[in-house]
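Per our numbering, residue 45 is the first one in the sequence shown, and the count goes up by one each step.
First comes the structure, then the notes that go with it.
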Amino acid sequence: MQPPGDPPAPQGLSSAEAARRLAADGPNLLPGSAPKSGAAILREVITEPMFLMLLAAGGIYLALGDRAEALFLLGFVFVVIGITLAQERKTQRALESLRDLSAPRALVLRGGQTLRVAGRDLVRGDLLVLREGDRIAADARLLDGLL
């Protein structure tokens, strides 16, 4: 119980209000690049000069009537394109995992309870509980502190 005349202890936002603000304002994220689609990656790979040259060479072999050489060359070109697509997807997944692992977490006061939430789930009006060495996961206004 608080002595009379003391200001009430801060309660922070309610969970419902925090969810409403998160839905209205979106997550607390820096703008980043959107992951590339499979079609965009394929377009990049096919428009590389080396692949264009190999595809042209395969077309020339076909035009000259050397079907075996053309199919052999084009077969390897498509295998390399497939491998490149798989590597790009794997790289994107690895980067997303690293982003998730390195995402800061924060202690917030919501509904009178201290909760640990992901930095992307912070909303305007959240009361952050900071300790020495904490990374601040958002722009914030310092209300009180001790040195």
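From the three backbone atoms N, C-alpha and C, an ideal C-beta is built for every residue, glycine too.
Item                                                                                             : Value
VAL89, enclosing alpha helix (DSSP H) - first and last residue                                   : 82–90
GLY103 beta carbon less than 9 angstroms from that of ALA114                                     : yes
Residue of GLU88, ALA60 and LEU57 minimising C-alpha distance to LEU129                          : GLU88
Backbone secondary structure at ALA181 - three-state DSSP                                        : coil
Segments assigned beta strand (DSSP E), at least 3 residues, entirely inside the segment 119–182 : 149–154, 157–162 and 171–173
Residues that DSSP places opposite LEU57 in a beta bridge                                        : ARG154
GLY163 beta carbon less than 9 angstroms from that of ARG149                                     : yes
For PRO93, three-class secondary structure by DSSP                                               : helix
Coil, strand or helix - ALA78 by DSSP                                                            : coil
Inter-residue Cα distance where the pair is ILE90 and LEU108                                     : 23 angstroms
Contact under 9 angstroms by Cβ, LEU117 with LEU98                                               : yes
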